[in-house]
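Enquirer: Residues 1 to 686 (the UniProt record's numbering) are what the sequence shown spells out, left to right.
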Amino acid sequence: MDEEWNKSQHTSDEAMGSMLGTAGGFEHDRSLMERAELKRSTRRRHRNSKLGCQECKRRRIKCDETIPECENCRKRRQRGKDIECSYLQMTDSEMARFRFLQEQNKQSVVRRLGENTISQFPNHGYVTASGNTASNDTVSFEVPLIPHEKMKVPASPVTLLFGMESWKVIKFTYMKTIHSALQDWNMSSKAFICVSIHDIISNLMGRIKFLSSSSNPNAVEERALRREISGLKKIAARYKILLISFVRQFICTFLSSKELIGDEFTASRLLMASSCIQFMNYFNSSTYDDSHYIAMVDMCLEIFTNNNPNHIAKTLHFIWSSFPKQLIHLYVPPYSSIILFEILQVLNDFGVHIRATGDEHLIYKYEDLCDFLRYVANLLPHANQNCVIAYPPNVLFHMSKRWTLSSPPEAYCILPSMPGTHKVFYTFYHSIASYLDALLPSASFIMHRPFYTSLGLCPYSLDSVLDGLDKNLGSFALFSIRLLSFMERRRFIIHNFFTVDDPLPDDLEEYRFRSRRVKNLAEVPIKMLNNSRIQWPNYPHCVRLPNGDWPREHGSFFAREKDSARTRLDQIKIAEERNELQLDFSQVSDESSHLYDSIVQNLKSPSPLSDGEDPVSISPSSFEYEDATGHKLNSKGLLADECDPSAMFNGFLPIISLDFPSIELITRFKEDRIALFTASTDHYDP
């Protein structure tokens with residue numbers, strides 16, 4: 001025992017000698033030990049001490065700052081101590097001040113956490129849209145890429161299928177805006193994650209609905225999904241509060257800073273966050289709320305009223321110009337509903353092929369799509385054709401919401417590897433959405449976005465759908481593709497080649513709620529697409545008076561051909577007289593072509609593609625597809641013997657890029673929109 005003690009004592013002496021050192025002994029390292037002892041005796045500083053209650057400060061302990069009584073005081077009072085937390089004695093003004101300081105502390109903590117996170121990454125500065133590197137005093141940073149295989153992506157982020165080249169301008173703008181906004185990690189997380197969580201909840205609820213209708217219901221999976229939805233709803237509520245709070249603070253900062261008005265990166269952040277807030281109405285609202293959209297109009301009015309337009313960001317110019325473009329939906333005549341019943345008939349015939357796949361998910365989506373179209377058909381007799389908006393706003397909101405949330409993800413990415421039946425079926429979501437925009441133009445005004453907005457930014461390739469397709473499916477594919485091709489051409493002509501004379505006159509209040517359809521816009525509607533060919537009279541055109549313009553009548557509106565489009569529209573008349581299927585622009589000068597090319601080139605630089613990706617060029621498809629009946633579809637989505645006006649679209653600059661609405665017009669647009677919403681219940685018959 002003594003030997004073991006001596007051995008351990010010898011070992012500890014060696015360790016102590018090694019620690020203190022042999023040259024100088026204990027006195028040499030006295031200061032080191034004193035500093036260590038001082039460090040052990042020093043109490044750790046509490047970050048919440050400034051706002052802690054008086055009792056916690058007196059006892060020098062950490063206060064959790066819980067309102068109305070902190071946790072420490074509550075526990076001591078429960079143990080019988082005769083104390084009262086100082087928070088309970090605060091007045092209303094002191095409480096408001098306390099909450100304000102508490103929120104500031106929370107933001108400071110978040111900022112420090114962001115700095116600590118950024119410092120863990122090498123070269124952690126990120127480059128803003130203006131090319132400047134952000135400093136470390138912001139929360140934003142760019143997440144390093146995960147190692148992945150090099151992949152080829154299109155040189156253009158948009159595959160144009162139907163000959164409308166000038167859509168590159170708007171779609172490049174959209175892609176570049178997303179690319180800029182995604183650089184801001186903090187804002188993008190709150191905005192996009194918030195929408196994504198709501199989207200996940202919607203998909204899980206759709207899965208539960210599918211399980212309940214399945215031939216083999218799975219009760220265990222359904223209970224698990226409901227538990228997951230319950231947890232996600234709590235997370236979604238917190239993220240929504242964060243997002244709304246962030247956008248409010250951001251708008252206040254944006255309006256108060258002259259420097260931010262012209263910053264494209266900041267404007268992109270605002271646009272994307274605002275779009276996310278508006279889109280969340282689909283997920284958690286049963287009625288449409290237009291307050292946020294009107295708030296965006298007010299914000300733009302404030303900016304353009306008090307600032308030089310030349311100093312304002314181009315993204316805000318785009319938003320500003322888009323406001324009055326919504327008005328066209330109130331003046332365009334709705335398209336014939338006969339096509340709706342033909343779509344139902346075609347889908348009914350297609351159902352044999354759908355059910356033959358045995359894919360329960362595909363069958364479920366097919367039946368859901370047919371149910372939606374029958375729902376729209378049942379609403380048609382209730383339309384008030386004498387009113388400016390044929391249906392109450394909430395009816396149109398419910399229709400738009402149901403369509404948006406029921407569109408399957410496969411429709412956004414139709415792949416060549418999909419089975420033929422699946423590919424053809426998912427093309428119907430594109431064609432039906434485009435047709436709904438023509439059938440219900442006022443819905444696009446109410447929702448300030450068409451049915452075909454999201455899907456239109458994710459077009460499919462004709463090659464991917466038709467290459468190797470079974471001939472028995474060809475007739476269904478041709479119907480869907482031709483419908484989309486025609487409706488998109490019709491939409492482009494109306495929105496870019498025509499305008500409405502004085503859409504918001506001074507005496508509008510006298511007949512605000514009456515129908516505003518223009519009197520002189522004519523077209524021959526297609527009655528049965530499968531049994532007819534698209535001819536020149538099927539496209540919309542203005543009826544011209546031989547002696548000049550149409551006379552101004554009280555309560556009447558007339559369309560007018562835009563000066564930049566008149567020569568192009570004349571070519572349609574010439575082609576119709578000569579019985580030609582194509583347009584000849586060899587003798588027509590294209591004044592806007594150079595401007596169009598320069599805008600597209602500027603939008604492509606810097607490229608929205610990530611570094612390291614290999615862009616490949618896209619050339620229009622040149623193949624022709626022939627179905628079992630001998631009908632041949634060309635690369636433009638039309639039959640070989642159908643009239644195609646798409647040649648006059650190329651090089652034509654969308655008017656939204658040229659027009660600059662006046663402040664007076666935007667003010668009247670806002671007043672008109674508010675009046676249509678607030679007084680809708682008094683002017684719509686159920």
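Virtual Cβ for every residue (Gly too), placed ideally from N, Cα, C.
Helix, strand or coil for CYS252, going by three-state DSSP, please let me know.
Expert: Reduced to three states, the DSSP call for CYS252 is helix.
Enquirer: With a threshold of 6 Å on Cβ separation, who are the neighbours of ILE674 within its own chain once the five nearest residues in sequence on each side are excluded?
Expert: For ILE674, where only same-chain residues beyond five positions count, there are no Cβ hits under 6 Å.
Enquirer: Could you round the C-beta distance between LEU439 and PRO334 to whole angstroms and report it? I think they count as a contact, below 8 Å.
Expert: Rounded, the Cβ-Cβ distance is 6 Å, consistent with contact.
Enquirer: Output the distance between the C-alpha atoms of THR253 and ASP298, rounded to the nearest integer angstrom.
Expert: Rounded to whole angstroms, THR253 to ASP298 spans 15 Å at the Cα level.
Enquirer: In terms of residues, what are the limits of the alpha helix (DSSP H) holding PHE479?
Expert: Where PHE479 is concerned, the enclosing alpha helix (DSSP H) stretches over 471-497.
Enquirer: Here's the rule: buried if 16 or more other CB atoms are within 10 angstroms of the residue's CB, otherwise exposed. What is ALA390?
Expert: By the neighbour-count rule (16 or more Cβ atoms within 10 Å), ALA390 is buried.
Enquirer: Spatial neighbours of ILE663 within its chain, please: CB distance less than 8 Å, with the 5 preceding and 5 following residues excluded, ordered by chain position.
Expert: So the qualifying residues of the chain are LEU301, PHE304, THR305.
Enquirer: Taking buried to mean at least 16 other C-beta atoms within 10 Å of its own C-beta, is LEU255 buried or exposed?
Expert: Under this definition LEU255 is an exposed residue.
Enquirer: So what does DSSP say about LYS519, is it helix, strand or coil?
Expert: In the structure shown, LYS519 sits in coil (DSSP, three-state: anything other than H, G, I, E or B).
Enquirer: Between ASP627, ASP82, ILE251, TRP403, which lies nearest to LEU271 when the distance is taken from Cα to Cα?
Expert: The shortest C-alpha separation from LEU271 is found at ILE251.
Enquirer: Could you check whether the region 376-396 touches the region 351-362, counting it as contact only if at least three pairs of C-beta atoms, one from each stretch, sit closer than 8 Å?
Expert: As far as the Cβ criterion goes, the region 376-396 does not touch the region 351-362, which means the pair count is below three.
Enquirer: I'd like to check one pair, ARG490 with PRO540: are the Cβ atoms closer than 8 Å?
Expert: Cβ distance < 8 Å, so PRO540 and ARG490 count as in contact.
Enquirer: Using the Cα positions of LEU529 and HIS631, report the straight-line distance between them to the nearest angstrom.
Expert: Their Cα atoms are separated by approximately 13 Å.
Enquirer: With H, G and I counted as helix, E and B as strand and the rest as coil, what does DSSP make of ALA443?
Expert: Helix.
Enquirer: Which residues bound the alpha helix (DSSP H) around ALA675?
Expert: Per DSSP, ALA675 belongs to the alpha helix (DSSP H) from 663-678.
Enquirer: Under a three-way DSSP split, which group does residue 771 fall into?
Expert: Here the chain has residues from 1 to 686 only, and residue 771 is not among them.
Enquirer: Is the separation between the beta-carbon of PHE558 and that of LYS519 shorter than 8 Å?
Expert: Yes, they are a contact pair.
Enquirer: Whether or not the region 441-456 and the region 394-413 are in contact is what I'm after, with contact meaning three or more pairs of Cβ atoms, one per stretch, closer than 8 Å; do they touch?
Expert: Cβ pair count under 8 Å is three or more, so yes.
Enquirer: Per DSSP, what kind of secondary structure is ALA559 in: helix, strand or coil?
Expert: It is a strand residue.
Enquirer: For a test of the three-state rule: what should DSSP assign to GLU228, helix, strand or coil?
Expert: Looking at GLU228 - three-state DSSP - the assignment turns out to be helix.
Enquirer: Pull up the CB-CB distance for CYS276 and ALA236, whole angstroms please, since I reckon it's below 8 Å.
Expert: About 12 Å; that fails the 8 Å criterion.
Enquirer: When you compare each of ILE244, VAL332, LEU232, LEU101 to ILE493 by their alpha carbons, which one comes out closest?
Expert: Taking only the C-alpha atoms, the option nearest ILE493 is VAL332.
Enquirer: If you draw a straight line from the alpha carbon of ARG74 to that of PHE192, how long is it in whole angstroms?
Expert: Between ARG74 and PHE192, the C-alpha separation is close to 40 Å.
Enquirer: Return yes when the Cβ of GLU222 is within less than 8 Å of the Cβ of LEU211, no when it is not.
Expert: Yes, Cβ-Cβ distance for LEU211 and GLU222 is below 8 Å.
Enquirer: With burial defined as no fewer than 16 other Cβ atoms inside 10 Å of the residue's Cβ, what is the status of PHE341: buried or exposed?
Expert: Exposed, since its Cβ has fewer than 16 Cβ neighbours within 10 Å.
Enquirer: At which residues does the alpha helix (DSSP H) containing THR305 begin and terminate?
Expert: Note, THR305: alpha helix (DSSP H), 291-306.
Enquirer: So, for TYR87: in the same chain, excluding its five sequence neighbours on each side, which residues have a beta-carbon less than 7 Å away from its beta-carbon?
Expert: These residues qualify, in order along the chain: CYS53, ILE67, PRO68, GLU69, CYS70.
Enquirer: Consult DSSP for ARG514 and reduce its assignment to one of helix, strand or coil.
Expert: Here ARG514 sits in strand by DSSP.
Enquirer: Can you name the start and end residues of the alpha helix (DSSP H) that TRP320 belongs to?
Expert: Its alpha helix (DSSP H) spans residues 314-325.
Enquirer: Return the chain-ordered list of same chain residues with a C-beta closer than 6 Å to the C-beta of LEU508, the five sequence neighbours on each side being excluded.
Expert: Hits under 6 Å: none found.
Enquirer: Can you give me the start and stop residues for the alpha helix (DSSP H) that SER454 sits inside?
Expert: Segment 453-456, the alpha helix (DSSP H) holding SER454.
Enquirer: What is the rounded straight-line gap between the Cα of GLU115 and the Cα of PHE323?
Expert: Since pLDDT at GLU115 reaches only 48, below the 50 mark, its modelled position is unreliable, and the value read off the structure follows with that caveat. Using only the alpha carbons, I get a separation of about 39 Å.
Enquirer: For TYR511 and PHE669, what's the separation of their Cα atoms in angstroms?
Expert: Roughly 15 Å between the two C-alpha positions.
Enquirer: Can you list, in chain order, the residues of its chain with a C-beta nearer than 7 Å to that of GLY456? Leave out the 5 residues immediately preceding and following it.
Expert: Nothing listed; no residue qualifies.
Enquirer: Report yes or no: do the region 355-365 and the region 522-537 share at least 3 C-beta pairs separated by less than 8 Å?
Expert: Cβ pair count under 8 Å is below three, so no.
Enquirer: Helix, strand or coil: which one does DSSP assign to SER621?
Expert: The predicted model places SER621 with a pLDDT of 45, which falls under 50 and marks its position as unreliable; any figure quoted below should be read in that light. In this structure, SER621 counts as coil in the three-state DSSP scheme.
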